[in-house]
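Working notes for the structure below.
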Amino acid sequence: METIPLSFLEPGTEATVAGIRAADGMLKRLVAMGIHPSGRLTVVCADRGSLIVSVAGSRYALSKGMAMKILVGRTGVKVQ
Amino acid sequence: MKKKIRIALAGNPNVGKSTIFNALTGSRQQVGNWPGVTVEKKSGYTRTGVYEIEIIDLPGTYSLTAYSADEVVARDYIIDEKPDVVVHVVDATNFERNLYLTTQLMELEVPLVIALNMSDMAEKNGTAINRMMMKKFFGIPAIRTVGSRSEGLEELLRTVINESEASPHHEQAIAYDDATERRIAELVAVLKTDPALIARYPPRWLAIRLLEGDENAEEKIALSPARKAALTVLAKIDTAETEAAMADRRYEVISALLPRVCTTCVRTMNSSDLIDRVITNRYLGIPIFLALMWGAFELTFAAAAPFSAAIEAAMSYGAGLAGSGMEPAWLGSLLGDGIIGGMGAILVFIPNIFILLFLLSVLEDSGYLARAAFVMDRLMYAIGLPGKSFIPMLIGFGCNVPAIMATRTIEDPKDRLITILINPFMSCGARLPVYVLLAGAFFPAHAGTVVFLLYVLGIAVAIGSAWLFRKTILPGKPAPFLMEMPPYRLPTLATSVVHMWDRGSMYIRKAGGVILFGALIVWGLASLPFGVEYGSAGSFAGMIGHVLEPLAAPLGFDWKIAVALLFGFVAKEVVVGSLGVLYGTGEDGGTLSSALLADPHLGPVTAFALMAFVLLYLPCLAALAVIRKETGSWKWTGFSVIYGLTVAYIVAFVITRLGYYLLGGI
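Laid out in structure tokens, this is it:
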């Protein structure tokens, strides 16, 4: 599966987290929020790299810097 | 016989812990619709039957890994104080996300009860959580609650009492993979050689935390004789890798159990998502935010006007009554000039403050403010601030004290310090009376716009200062933005009114306390020494003012304003009270604004410069105290004072010079 940074995804795409390149503390925070390797997320809206994602029913806003650290593989599903 | 039970409310941010706490204890702690409202633990009591139950409301946390200051507060409490039962408050509309914390709480080996809060909303969305299955698979009793309507709370307390007496242990909550389990066993064996250590901390939990490379856990064993052996075990593994594997395992367990417990926990796009697309749109986001704020200020002035007029009329009548027939004359002056003149000047603004607070509460409760933080993040990042610091800045519109405390959710120490230092520039409610008075008197047709401009000026100075600090004393880049967006909720009149009251009543209490005191001191200084004409240049106030006048003159301020500004250090509303006293509004029954208009030293330009000065100079006494507490440094506290004064002076000076030049008058 091809992996790309989360910030490149378009609104409405669903993706699977492939890896997180974050420092220890940030990694723990992301994992606790539900953004973890092999977890799924959906991009709600995106604007020049920063985005709001939906994870297990919660919504998180991430800046571009944050979203660049999260690598995802597209699952190819468009959720409406 | 009375029995005491101590319980702690734990859970993710914004799941309604504070609502349940308030419903149980009958107190009115602030409840908000954004993460991080409770930054400190709070305690209260309730009794049922023979049980006296102490309830501790912990800050919301996503995990117990102690990543930011508020998480540390929650975790240390559970570990060190060992409450009898931990009530894990879960947002039932958002069930799956909460379970990660559940797995960590289970590992802490404290008796747990789950409160499935906001169950009414979950049921409306079609989410059904099977409580029998919860009990079966997690071994934890789950209670259906609706905190906002106090539903299920009695059952919750009954279950808590049962659990505290049964005291079950949730050991082996999650079985990790074989390799990890072997490491855990190895570490537990090592830790058990120190009985004092395992008396304080559950050994399996400590072993797991150590394997995950938790620095806080490493500190806990720093003084233990078992430390060396434990480090030897840890040296054999890569903690980052182990941690990822353990987190994966927790999620595996969660996703395996989830369908059995909640068959309807599905993810779909919903109306919240669609609203988000519009509100956070790259072109619309910032205009929508500015339009909402401007609308709020306009509405505040329009709606408050009749109330303010009524209070003002009553005050002039009272002052006139006290000033005319009272014997001895000094008592009449004390009542008329001191108390009614000083306090009345402030009471007039209560409608404005309450209406503005109400409108901000509506925006907050609806879930909009968290989006505003996200919308502003790009802008904030560009000037060197994390988007998260936007929320303390917004709270600053109400009062800088809770705002500065709210910076605890900012993880990076430099980000946090900058956010604290710029917060006093956010125009708090206490400054509103000054604006309302001066803008109302000198810009009667455009009062709303002028006040809006002052708020913008405050934001601009805050942003400029942040940029300056990043370039000079606190270089670096802000941490990237990551924040939960609470679901949109239709704000109810009741909750918004409660919010408004929580914040507004502080203002009334202040008016009765420190501001009354301030007004009396000003009255004393304006009346003494004996025989001097009230508020004249010969009084003590006049003398102080004349000493300060050379400093204030370049800004176009006379001695009365200098005195008012000096007393404004106590609390900024005192500026209005002091002006009320010094201009002697009591005697002839005239209003303060007409007295100000009659003063030949004052005109629109000077009034605007004065408002800007009041906005920017010294943080008030309470804000300084909290800056000292949160930064832990007198150096930064002193810096904040000197920086604020300097900026205020420069800005007011520029306004007067520019204004005189452009308008050709004061």
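So the sequence lines, in the order shown, correspond to chains A and B. Numbering follows our numbering, with no gaps: position 48 of the first sequence is 48. Numbering follows our numbering, with no gaps: position 147 of the second sequence is 227. For glycine and all other residues, C-beta sits at the position ideal for the given N, C-alpha and C. Treat the numbers as computed from the prediction; the structure is a model and nothing was measured.
Within chain B, no C-beta atom comes less than 8 Å from the C-beta of A/Ser7; the nearest is roughly 11 Å away.
With a threshold of 8 Å between beta carbons, B/Pro560 makes contact with chain A.
Cβ-Cβ separation between B/Lys121 and B/Leu138: approximately 5 Å, consistent with a contact (criterion under 8 Å). If you draw a straight line from the Cα of A/Gly34 to the Cα of B/Tyr157, it is about 24 Å long. Between the segment 504 to 515 of chain B and the segment 644 to 653 of chain B there are three or more C-beta pairs closer than 8 Å, enough to call the two in contact. For B/Tyr131, the enclosing beta strand (DSSP E) begins and ends at Tyr131 to Asp137.
The three-state secondary structure of B/Met395, taken from DSSP, is helix. In this structure the segment 324 to 332 of chain B touches the segment 255 to 272 of chain B; the number of beta carbon pairs closer than 8 Å is three or more. Close to A/Ile52, with beta-carbon spacing below 9 Å, are these residues of chain B in chain order: Asp353, Asp356, Arg357, Thr360, Arg451, Phe454 and Met565.
Short of 7 Å from the beta carbon of A/Gly73, and not among the five residues preceding or following it, lie these beta carbons of its own chain, in chain order: Met1, Glu2, Thr3, Ala15, Thr16 and Ala18. Neighbours of B/Gly622 in chain A, taken as residues whose beta carbon is under 7 Å from its own, are absent, since the nearest beta carbon is some 55 Å off. For B/Ile430 against B/Gly398, the beta-carbon gap comes to about 16 Å, at or over 8 Å, which does not count as contact. Looking at the DSSP output, B/Lys122 bridges to B/Asp137. According to DSSP, residue pairing for A/Arg40 in a beta bridge involves A/Thr16. By the C-beta density criterion, B/Glu295 is exposed, having fewer than 16 other C-beta atoms within 10 angstroms. As the crow flies, the alpha-carbon of B/Ala540 is around 18 Å from that of B/Gly528. Against chain A, the beta carbon of B/Asp457 has neighbours under 9 Å at Ser50, Ala61 and Ser63, listed in chain order. B/Val333 places its beta carbon less than 8 Å from that of B/Thr183. Taking 8 Å as the threshold, the shortest C-beta distance from B/Asn174 to chain A falls below it. Within the same chain, and ignoring the five residues on either side of B/Leu605 in sequence, the residues whose Cβ sits closer than 6 Å to its Cβ are Phe620 and Ala621.
The C-alpha of B/Glu132 lies about 58 Å from the C-alpha of B/Phe522. Nearest to B/Ala486 by alpha-carbon distance, out of B/Ser469, B/Pro493 and B/Phe477, is B/Ser469. Contact with chain A is absent for B/Ala195, since none of that chain's Cβ atoms lies less than 8 Å from the residue's Cβ.
Just measuring C-alpha positions, the residue of B/Phe175, B/Gly227 and B/Ile264 sitting nearest B/Leu311 is B/Ile264. Within the segment 133 to 160 of chain B, contact with chain A at the beta-carbon level (separation under 7 Å) is assigned to Tyr142, Ser143, Thr145 and Tyr147. In this structure, the CA atom of B/Asp679 is about 11 Å from the CA atom of B/Leu672.
Contact check between the segment 534 to 554 of chain B and the segment 500 to 511 of chain B: three or more CB pairs, one atom from each, fall below 8 Å, which counts as touching.
For A/Val31, the neighbours in chain B by C-beta distance under 7 Å run, in chain order, Ala327. Using a Cβ-Cβ distance cut-off of 8 Å, the segment 488 to 496 of chain B and the segment 700 to 708 of chain B are not in contact, since fewer than three pairs of beta carbons, one from each stretch, lie closer than that value. Here the alpha carbon of B/Leu192 sits roughly 54 Å from the alpha carbon of B/Thr726.
The beta-bridge partner set that DSSP reports for B/Val721 is empty. Counting of Cβ neighbours within 10 angstroms places B/Lys300 among the buried residues, the total reaching 16 or more. Around A/Val44, the beta-carbon contacts reaching into chain B at under 8 Å are Met349, Asp353, Asp356 and Arg357.
Contact of B/Gly293 with chain A by beta-carbon distance below 7 Å involves Asp24. Counting along the chain, the unbroken alpha helix (DSSP H) around B/Thr312 starts and ends at Arg307 to Ala315. Only exposed fits B/Glu234, as fewer than 16 other CB atoms lie within 10 angstroms of its CB.
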